[in-house]
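Notes to accompany the following structure.
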Amino acid sequence: MQLVAVKKKNFNDYRRFMEQDTMFELDFLVDKLKGKKIAMINATAYGGGVAEKLHSLVPLMQDMGVDIDWWTILGNEEFYNVTKRFHNCLQGQEGELSGSEMEIYLKYNQINASYMKDWHYDFIVIHDPQPAALIEWRGKECHEKWIWRCHIDTSFPNQEYWDFLYHYIAQYDAVIFTMPDYVKEGAAFKNITFITPSIDPLSLKNISLDKEEARAITSRFGVDAGRPLISQVSRFDPWKDPLGVIDAYKIVKKDFPSVQLALVGSMASDDPEGWDYLYRTLRRAGEDYDIKVVTNFNGISDLEVNAFQTASDIILQKSLREGFGLTVAESLWKGTPVIGGNVGGIKLQIEDGVTGYLVNTVEECAEKVLTLLRNPVLAEEMREAAREKVRKEFLVTKNIQHYLRLFYNLSSPEQALP
2 MQLVAVKKKN FNDYRRFMEQ DTMFELDFLV DKLKGKKIAM INATAYGGGV
52 AEKLHSLVPL MQDMGVDIDW WTILGNEEFY NVTKRFHNCL QGQEGELSGS
102 EMEIYLKYNQ INASYMKDWH YDFIVIHDPQ PAALIEWRGK ECHEKWIWRC
152 HIDTSFPNQE YWDFLYHYIA QYDAVIFTMP DYVKEGAAFK NITFITPSID
202 PLSLKNISLD KEEARAITSR FGVDAGRPLI SQVSRFDPWK DPLGVIDAYK
252 IVKKDFPSVQ LALVGSMASD DPEGWDYLYR TLRRAGEDYD IKVVTNFNGI
302 SDLEVNAFQT ASDIILQKSL REGFGLTVAE SLWKGTPVIG GNVGGIKLQI
352 EDGVTGYLVN TVEECAEKVL TLLRNPVLAE EMREAAREKV RKEFLVTKNI
402 QHYLRLFYNL SSPEQALP
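When the letters of the sequence shown are read in order and numbered with our numbering, they come out as residues 2 to 419.
Put into structure tokens, the structure is as follows:
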């Protein structure tokens with residue numbers, strides 16, 4: 002395993018985003034958890050929403066006085082091919098779990114567990130399926146609390162993959178899901194907590210960016226600042242439906258020929274399937290030069306993502322399945338209306354008709370895009386409501402509050418907070 006080095010952050014800079022009662026509770030919890038050590042474990046330090054969240058959450062908690070480390074597991078292509086299949090099948094994709102997949106998955110979990118034999122933590126938080134089996138090799142003499150954090154939509158999982166994983170996650174002292182719908186019926190866990198993911202309002206991706214500056218940045222990628230722009234910021238993944246986004250754009254283009262589309266994505270180290278889907282997306286885009294497909298390999302970093310989300314007239318997140326969809330909260334924070342798939346955690350973020358629209362089909366998506374393009378006043382009315390919803394519910398400070406409350410409740414069940 003590898004310890005992740007994080008950049009320092011100052012928690013006091015974030016107090017202006019919080020309610021007074023939240024600040025009081027955070028100060029109380031930090032005091033009560035003095036002397037406790039926490040480890041966060043996930044698959045990768047770069048690429049994807051989990052790593053992004055931890056790059057904010059971990060240094061902020063450290064600055065608050067919480068003793069917390071972040072570790073990533075070791076793996077290679079065969080392991081990540083298997084865990085990507087786990088990810089897809091836990092979200093409902095059909096398929097049979099093979100003996101070789103089980104063998105590869107457990108082999109790498111056991112290898113990584115060997116690095117933990119001399120660890121001394123009070124709480125170990127495991128993120129998503131990749132390292133979930135680490136608990137199998139916990140020594141009986143260990144007294145730490147193990148917590149499994151599920152970031153994906155497991156409401157209707159492939160039964161074979163779920164049964165295999167359930168053997169391990171049922172051993173955890175607590176599990177965290179994004180919403181109740183994701184807990185499979187019949188699952189018997191010791192402690193279930195619901196925590197939505199969050200964004201960092203002071204990260205480079207989310208700081209306030211002047212509209213003209215944002216347009217100047219997007220113009221470097223061939224975007225015409227004088228014409229309407231719709232964008233989707235996502236991994237290139239079948240569940241994000243970039244092909245459906247292109248189809249919706251083509252419908253809009255017939256009635257609104259000046260529109261442009263940007264598909265902005267990052268290629269993650271634990272997602273080998275992403276390259277294949279990127280090529281499929283490029284083939285669907287064809288020779289339409291008003292479709293811009295850009296990634297971290299041709300200049301997209303956090304600043305550029307911020308610019309696309311700020312400069313766009315509309316953001317799409319047309320997911321078919323979605324654990325949460327951080328790019329929705331990011332875009333709402335910037336005051337940009339979002340049209341999202343009527344699935345998973347997107348439904349927690351978009352108030353239909355207030356901060357954007359929820360859609361079920363390509364045709365609905367195109368219809369709502371045209372509604373907003375033809376009614377700029379309506380889009381403007383959505384801006385303030387969008388930003389305020391994120392401030393109250395989806396900032397990293399709220400995420401920290403929920404985690405610390407869970408740690409406190411596990412260590413002091415007789416004085417548990419609601």
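For each residue, glycine too, the CB sits at the ideal point set by N, CA and C.
For residue i, is the classification buried or exposed, using 16 other Cβ atoms within 10 angstroms of its Cβ as the cut-off for buried?
i: Y307; result: One point to set straight first is that residue 307 is Asn, not Tyr, in the sequence displayed. By the neighbour-count rule (16 or more Cβ atoms within 10 Å), N307 is buried.
i: V355; result: exposed
i: C143; result: exposed
i: Y280; result: exposed
i: Q3; result: exposed
i: A330; result: buried
i: Q111; result: exposed
i: D211; result: exposed
i: A417; result: exposed
i: M65; result: buried
i: Q160; result: exposed
i: K335; result: buried
i: N13; result: exposed
i: P158; result: buried
In the DSSP assignment, find the beta strand (DSSP E) that holds residue i and state where it starts and stops.
i: W71; result: D68 to T73
i: G266; result: Q261 to G266
i: T155; result: Where T155 is concerned, there is no enclosing beta strand (DSSP E), given that its DSSP letter is neither H nor E.
i: V234; result: L230 to V234
Bridge partners for residue i per DSSP, in chain order?
i: Q318; result: G341
i: W149; result: I127 and V176
i: K38; result: D68
i: D353; result: G357
i: Q92; result: Looking at the DSSP assignment, Q92 forms no beta bridge with any residue, so it has no partner.
i: Q3; result: T73
i: I200; result: L396
i: N43; result: T73
Nearest CA to the CA of residue i: which residue from the options?
i: E145; options: L411, Q111 and I340; result: L411
i: R216; options: N207, S115 and P229; result: P229
i: T490; options: W240, T311 and D201; result: Examination of residue 490 is not possible in this model, given that the chain is present from 2 through 419 alone.
i: I231; options: I74, K185, E352 and K319; result: K319
i: D225; options: I208, I177, G187 and D291; result: D291
i: V67; options: F298, Q111 and G36; result: G36
i: D154; options: E394, G326 and Y409; result: G326
i: K54; options: N192, F124, V184 and K206; result: K206
i: R150; options: L166, A175 and L4; result: A175
i: S332; options: G223, D201 and P258; result: D201
i: Q261; options: G227, G275, W276 and M268; result: G227
i: L264; options: G300, Y278 and Q233; result: Q233
i: S235; options: P258, S220, S209 and Y278; result: Y278
i: Q1; options: I340, N299, S220 and R86; result: Coverage of the chain is limited to positions 2 through 419, which leaves residue 1 absent and any answer about it impossible.
i: A380; options: V339, P414, R392 and R406; result: V339
i: E102; options: N89, E79 and D123; result: E79
i: I148; options: E137, I170 and F309; result: I170
i: I301; options: D238, R221 and V253; result: R221
i: F237; options: G223, G266 and P258; result: G266
i: L135; options: L34, P158, Y109 and N361; result: Y109
i: E382; options: I252, G49, P181 and E352; result: E352
i: I218; options: Q310, M268, Y183 and K185; result: Q310
i: S209; options: Q350, V184, D303 and G49; result: D303
i: G76; options: L107, L61 and M62; result: L107
i: M62; options: G50, V51 and V31; result: V31
The alpha helix (DSSP H) that contains residue i, what's its start and end?
i: V378; result: P377 to E394
i: N107; result: It is worth fixing the name first, because residue 107 is Leu in this sequence and not Asn. It spans G100 to A114 - the alpha helix (DSSP H) in which L107 sits, taken as one unbroken run.
i: L418; result: It is not in any alpha helix (DSSP H) - L418 carries neither H nor E in the DSSP assignment.
i: I193; result: Note, I193: premise wrong, no alpha helix (DSSP H); beta strand (DSSP E) at I193 to F195.
i: V246; result: P243 to D256
i: T296; result: Unbroken run through T296 is the beta strand (DSSP E), I292 to T296; no alpha helix (DSSP H).
i: I218; result: K212 to S220
i: Y278; result: E274 to A286
i: T23; result: Q21 to K33
i: V329; result: L327 to W334
i: D303; result: D303 to A312
Regarding residue i and the ligand SAM, is the C-beta to nearest heavy atom distance less than 8 Å?
i: G346; result: By its list of ligands, the structure shown contains no ligand whatsoever, and the ligand SAM lies outside what it can speak to.
- Evaluate the contact criterion for the region 283-299 versus the region 344-355: three or more CB pairs, one atom per stretch, below 8 Å. As far as the Cβ criterion goes, the region 283-299 does not touch the region 344-355, which means the pair count is below three.
- Cβ contact check for the region 245-257 and the region 360-380: 3 or more pairs under 8 Å: Output reads yes: the region 360-380 touches the region 245-257.
- Query: Are there three or more Cβ pairs, one per stretch, closer than 8 Å when the region 393-400 is compared with the region 193-210?
  - Reply: The region 393-400 is in contact with the region 193-210.
- Query: Can we say the region 113-123 touches the region 86-100, given the rule of at least three CB pairs closer than 8 Å?
  - Reply: Note that the region 113-123 does not touch the region 86-100; fewer than 3 beta-carbon pairs, one per stretch, sit closer than 8 Å.
- the region 70-84 contacting the region 38-57, beta-carbon criterion three pairs below 8 Å: Contact between the region 70-84 and the region 38-57 is established, with three or more Cβ pairs separated by less than 8 Å.
- Message: When you compare the region 373-387 with the region 308-317, are there three or more beta-carbon pairs, one atom per stretch, that lie closer than 8 Å?
- Response: Yes, they touch.
- Task: Taking 8 Å as the threshold, find out whether the region 156-169 comes into contact with the region 18-25 through three or more Cβ pairs.
- Result: Not touching, per the Cβ criterion.
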